[in-house]
Amino acid sequence: MQTLARQTPELETSPHLDKRNKLVIVCSKGSLDMAYPPLMLATTGAAMGMEVHLYFTFWGINMLRKKTVESLKISPVGNPAMPMPNILGMIPGMTRLATRMMRKSMDKMKMPTIQEMIKTAHDSGVHFHACSPSMQMMNLTKDDLIPEVDDIIGATTYLDLASEDAITLFI
Amino acid sequence: MQTLARQTPELETSPHLDKRNKLVIVCSKGSLDMAYPPLMLATTGAAMGMEVHLYFTFWGINMLRKKTVESLKISPVGNPAMPMPNILGMIPGMTRLATRMMRKSMDKMKMPTIQEMIKTAHDSGVHFHACSPSMQMMNLTKDDLIPEVDDIIGATTYLDLASEDAITLFI
Amino acid sequence: MQTLARQTPELETSPHLDKRNKLVIVCSKGSLDMAYPPLMLATTGAAMGMEVHLYFTFWGINMLRKKTVESLKISPVGNPAMPMPNILGMIPGMTRLATRMMRKSMDKMKMPTIQEMIKTAHDSGVHFHACSPSMQMMNLTKDDLIPEVDDIIGATTYLDLASEDAITLFI
Numbered sequence: 001m002q003t004l005a006r007q008t009p010e011l012e013t014s015p016h017l018d019k020r021n022k023l024v025i026v027c028s029k030g031s032l033d034m035a036y037p038p039l040m041l042a043t044t045g046a047a048m049g050m051e052v053h054l055y056f057t058f059w060g061i062n063m064l065r066k067k068t069v070e071s072l073k074i075s076p077v078g079n080p081a082m083p084m085p086n087i088l089g090m091i092p093g094m095t096r097l098a099t100r101m102m103r104k105s106m107d108k109m110k111m112p113t114i115q116e117m118i119k120t121a122h123d124s125g126v127h128f129h130a131c132s133p134s135m136q137m138m139n140l141t142k143d144d145l146i147p148e149v150d151d152i153i154g155a156t157t158y159l160d161l162a163s164e165d166a167i168t169l170f171i
Numbered sequence: 001m002q003t004l005a006r007q008t009p010e011l012e013t014s015p016h017l018d019k020r021n022k023l024v025i026v027c028s029k030g031s032l033d034m035a036y037p038p039l040m041l042a043t044t045g046a047a048m049g050m051e052v053h054l055y056f057t058f059w060g061i062n063m064l065r066k067k068t069v070e071s072l073k074i075s076p077v078g079n080p081a082m083p084m085p086n087i088l089g090m091i092p093g094m095t096r097l098a099t100r101m102m103r104k105s106m107d108k109m110k111m112p113t114i115q116e117m118i119k120t121a122h123d124s125g126v127h128f129h130a131c132s133p134s135m136q137m138m139n140l141t142k143d144d145l146i147p148e149v150d151d152i153i154g155a156t157t158y159l160d161l162a163s164e165d166a167i168t169l170f171i
Numbered sequence: 001m002q003t004l005a006r007q008t009p010e011l012e013t014s015p016h017l018d019k020r021n022k023l024v025i026v027c028s029k030g031s032l033d034m035a036y037p038p039l040m041l042a043t044t045g046a047a048m049g050m051e052v053h054l055y056f057t058f059w060g061i062n063m064l065r066k067k068t069v070e071s072l073k074i075s076p077v078g079n080p081a082m083p084m085p086n087i088l089g090m091i092p093g094m095t096r097l098a099t100r101m102m103r104k105s106m107d108k109m110k111m112p113t114i115q116e117m118i119k120t121a122h123d124s125g126v127h128f129h130a131c132s133p134s135m136q137m138m139n140l141t142k143d144d145l146i147p148e149v150d151d152i153i154g155a156t157t158y159l160d161l162a163s164e165d166a167i168t169l170f171i
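Residue numbers (our numbering), protein chains in the order written: chain A, 1 to 171; chain B, 1 to 171; chain C, 1 to 171.
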């Protein structure tokens, strides 16, 4: 079966010169399920030779906090795609259960954890930027963040990066 | 009143040559309300002559599953824009009620269902791609998917499509 | 500390000619936390000299309604990044409490309210577009909207704007 890290050989040997080679993603969610997509795209982009920037803002900052990066959760309520009625999701412990179920699926697929993906992404050159107003709002300093964070930047710097003909996404 | 499928005549007769003519959308949500925006944009884009690609990942896969496409729901909790307190949203049956209310509004507007929109989009040339790691995570094979799905691709192929000067969105 | 409105001097004095100078954001959420990001990016983009368009659709219409713009809420449930168990979030009044807590953080940072940000954005030239099918679905007319709204447009016009080499985001 096709795996995430798979690389199309043609892409590596004959990159089209007119293609965009930059990927700039805003990461605004702090839940386990929405932490995977930006990291998957980032590592894939880096493997394809793209310059990749992740800009963490609002709840997304939780992906960069030493205190929370290991304990990102998935909510069993408010997401009708989860096969669990809201009333069950309310029972204390259900967020933990839903999170554990997702972690198990990930394990079975031999998917790396968020922390491992951050390390891999960082090692392959992905840039990690924390949003400064979000840091202020959450009363955080650089010491609260994992070492993979490159810098703390504002919206101006983000838009400057995004304006350089990048693929832009808000997750 | 202006309707969705309305086309600006100037656009059809004198397309600007320097305009981007490609639309590549990541569909990551499995709820009824977030199923409409990508399909609306896709059919509109196709009607404008754009090359349109939808890449379904994570919960978005539910839009492509035979088993779930007809029963996408909208959650009455965790969305403060819904005029219903969380405590009411917890009552069993409220997800069904909120969903039925939205379906009624859609009906009244003569809005097609998700399945009808998928058919229309497919008939007008919109490409439907399922994300392979998501399929693995959910233990699905091509047989579980509706016939409109073109193929199962990975993040590399998605990024390759997105890099061709497309309008990119993550929904 | 770096603030949101901070402008990189080099940007103002020597804009790169090949940079994209247009920002087109779809605003689809009606919650207080997801109302800030598009407005922050919009005002920052406008301050950098960009042409900025905000297209409000689905729940995002609530940001433009006279009746709701002052009372956007944040949900304490369904967002595992919020430090509150779902069961507590169910207690009547908790949405109000979570909203008040966020408003206080914003106040402490001297962050403007959503209404103030909309005014500032409008004054600095940001364009506010309401989505016509969403207006129909919610039974609204132009009179229900705040005066900063420029016009009511459909998906064709939105895609036309987005196709002009803009930075595109779906929030």
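Each residue gets a CB set at the ideal place from its N, CA and C atoms; glycine is no exception.
Chain-ordered neighbours of residue i on chain C, where CB pairs are closer than 8 Å
| i | result |
| --- | --- |
| Asp179(B) | Since the displayed chain B opens at 1 and closes at 171, residue 179(B) lies outside it and no answer follows. |
Sheet register partners of residue i (DSSP bridge)
| i | result |
| --- | --- |
| Ile153(A) | Cys131(A) |
| Thr168(A) | Val24(A) |
| Val52(C) | Leu23(C) |
| Arg65(A) | Leu145(A) |
| Lys73(A) | Ser31(A) |
Top-ranked residue by Cα proximity to residue i, from the options
| i | options | result |
| --- | --- | --- |
| Asp123(A) | Ser134(A), Glu51(A) and Asn62(A) | Glu51(A) |
| Thr99(C) | Ile74(C), Met117(C), Met34(C) and Ser163(C) | Ile74(C) |
| Asp173(C) | Met101(A), Thr120(A) and Gln136(A) | For chain C, the structure presents residues 1 to 171; residue 173(C) sits outside this window and is missing. |
| Pro37(C) | Thr57(A), Met63(A) and Arg96(A) | Thr57(A) |
| Ile171(B) | Asp151(B), Leu41(B), Lys110(B) and Leu161(B) | Leu41(B) |
| Ala35(C) | Asp150(C), Ser134(C) and Arg103(C) | Arg103(C) |
| Lys110(A) | Arg96(B), Met117(B), Pro133(B) and Lys110(B) | Pro133(B) |
| Ser105(A) | Met138(B), Ala121(B), Leu97(B) and Cys131(B) | Met138(B) |
| Gly154(B) | Arg96(B), Leu97(B), Cys131(B) and Leu169(B) | Cys131(B) |
CA-to-CA distance, residue j to residue i, given in whole angstroms
| i | j | result |
| --- | --- | --- |
| Thr141(B) | Arg65(B) | 10 Å |
| Leu145(B) | Glu148(A) | 39 Å |
| His129(C) | Ile167(B) | 19 Å |
| Gly125(C) | Pro112(C) | 18 Å |
| Lys119(A) | Ser163(A) | 27 Å |
| Ile152(A) | Lys19(B) | 34 Å |
| Tyr158(C) | Tyr55(C) | 7 Å |
| Thr156(A) | Asp150(A) | 16 Å |
| Asp143(C) | Asp33(B) | 25 Å |
| Leu97(A) | Asp165(A) | 42 Å |
| Leu169(B) | Leu169(A) | 6 Å |
| Ala121(C) | Ala121(A) | 36 Å |
| His127(B) | Met101(C) | 44 Å |
| Leu39(C) | Met117(C) | 7 Å |
Chain-order list of residues whose beta-carbon lies under 6 Å from that of residue i (same chain, five-residue window excluded)
| i | result |
| --- | --- |
| Met45(C) | Note on identity: in this sequence residue 45(C) is Gly, with Met being the wrong assignment. Leu23 and Val52, listed in sequence order. |
| Asn21(A) | Met50 |
Neighbourhood of residue i by C-beta distance below 7 Å, restricted to the same chain and skipping five residues each side
| i | result |
| --- | --- |
| Gln115(A) | Val69 and Glu70 |
| Gly60(A) | Cys27, Ser28, Lys29 and Gly30 |
| Leu161(A) | Val24 and His53 |
Chain-ordered neighbours of residue i on chain C, where CB pairs are closer than 7 Å
| i | result |
| --- | --- |
| Ile171(B) | Phe170 |
| Arg96(B) | Correct list: empty, because the minimum Cβ distance to chain C is about 17 Å. |
Sequence-distant residues of its chain with Cβ nearer than 8 Å to residue i (five each side left out)
| i | result |
| --- | --- |
| Ala5(B) | For Ala5(B), the pLDDT reaches just 42, beneath the cut-off of 50, and the residue's location in the model is therefore unreliable, although a value from the coordinates is still provided. Only Thr43, Thr44 and Ala47 meet the Cβ criterion. |
| Asn62(A) | Gly30, Thr68, Val69 and Leu72 |
Proximal residues of chain A, C-beta to C-beta of residue i below 9 Å
| i | result |
| --- | --- |
| Ser163(C) | In chain order: nothing, as chain A lies at least about 14 Å away. |
| Lys215(C) | No information on residue 215(C) is available, as it lies outside the stretch 1 to 171 that chain C covers here. |
| Ala130(B) | The premise fails here: Ala130(B) is roughly 11 Å from chain A at the closest Cβ pair, so nothing lies under 9 Å. |
Contact list for residue i against chain C, beta-carbon separation under 9 Å
| i | result |
| --- | --- |
| Met137(A) | Met102, Ser105, Met106, Lys108, Met109 and Met111 |
Residue i: contacting residues in chain B (beta-carbon distance under 8 Å)
| i | result |
| --- | --- |
| Leu159(C) | Leu23, Leu41, Thr44, Gly45, Met48, Met50 and Ile167 |
Chain A residues whose Cβ lies nearer than 7 Å to that of residue i
| i | result |
| --- | --- |
| Val28(B) | It should be noted that the sequence gives Ser, not Val, for residue 28(B). Going along chain A in sequence order, the residues near Ser28(B) (Cβ under 7 Å) are Pro37. |
| Ala155(B) | Leu4, Met40, Leu41 and Thr44 |
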